[in-house]
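Heads up: the structure comes next, in structure tokens.
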Amino acid sequence: MTANLANLQQNELSKRKRIDKVASETNITQDFPLQQNDYVIVLYGKKICIGKVIAMYYESYDNHCYSQNAVTQIEDLSYILLQIYLPIHLNIFASQTVKGYTLFTHHCPQNIIYHIKSNGLIISDSSLTLTGVAQNIFNYFNRDTVKNSIINMM
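Under our numbering, the letters of the sequence shown match residues 1 to 154, in that order.
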């Protein structure tokens, strides 16, 4: 019984370290902080999608507090409000479902995979197109082997 509990704790610590490693590689830095209206590659369910940052929250005194400040460490956030753009074809994403609903979600910051520079995006009313480096980065994370590894870490 004790050995099982020790193994369970070791597995959780190992999983936490992997999540921390992913969080440290999200391209959120002092030189490129995460701000409102920025775009990120995010895990939404079992899909790799694009998310637009609507609001960011941090935890303080057992409450979640809204922040407009730029974030340089994703671990500082308790959760994040995103508008989700679902992949519809290759490098084209839609923010509306087939029934015309726009998807918003309160997300764990650990589900953010990568912070995208806006010069790699073409944005229209309800769609978004990735170009150049942003498209290459998305394609890398969306490969089945990479995506499955990310899903298993979460």
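Glycine residues also receive a C-beta, built at the ideal position from the N, C-alpha and C atoms. Since the structure is predicted, the reported quantities are computational estimates derived from the model, not experimental observations.
### Task
Take the Cβ of serine 95 as the centre, count every other Cβ of all protein chains shown within 10 Å, and call the residue buried at 16 or more, exposed below.
buried
When you compare the stretch 56-76 with the stretch 136-143, are there three or more beta-carbon pairs, one atom per stretch, that lie closer than 8 Å? no
* Asked: Exposed or buried, glycine 51, counting other C-beta atoms within 10 Å across all chains shown (16 or more means buried)?
  -> buried
I'd like to confirm the pairing. Which residues does DSSP put opposite leucine 86 in its beta bridges?
Ala94
Backbone secondary structure at histidine 149 - three-state DSSP: Before going further, note that residue 149 is serine rather than histidine in the sequence given. Helix, per DSSP.
Same chain, Cβ closer than 6 Å to lysine 147, neighbours up to 5 away in sequence not counted: Ile48
| task | Determine the contact status of threonine 105 and leucine 82, defining contact as a CB-CB distance below 8 Å. | result | yes
Taking the alpha helix (DSSP H) that glycine 132 belongs to, which residues open and close that run? 132-142
With distances taken between CB atoms, is the gap from isoleucine 116 to leucine 43 smaller than 8 Å? no
Does DSSP put glutamate 75 in a helix, a strand or coil? helix
Worksheet item: Hey, histidine 107 and isoleucine 80 are a contact pair by Cβ (cut 8 Å); roughly how many whole angstroms apart?
Response: 5 Å
- Residues near isoleucine 159 in its chain [Cβ-Cβ closer than 6 Å; skip 5 each side]: Residue 159 lies beyond the stretch modelled for the chain, which goes from 1 to 154, so this question has no answer here.
Original post:
From this set, Thr29, Tyr140, Ile113 and Thr102, which residue's C-alpha is nearest alanine 70's C-alpha?
Top reply: Thr29
| query | Are isoleucine 74 and proline 33 close, meaning C-beta to C-beta below 8 Å? | reply | no
When burial is assigned at 16 or more other CB atoms within 10 Å of the CB, is valine 98 buried or exposed?
exposed
Check your understanding: Taking the DSSP output, what are the residues bridged to phenylalanine 104?
Key -> Gln83
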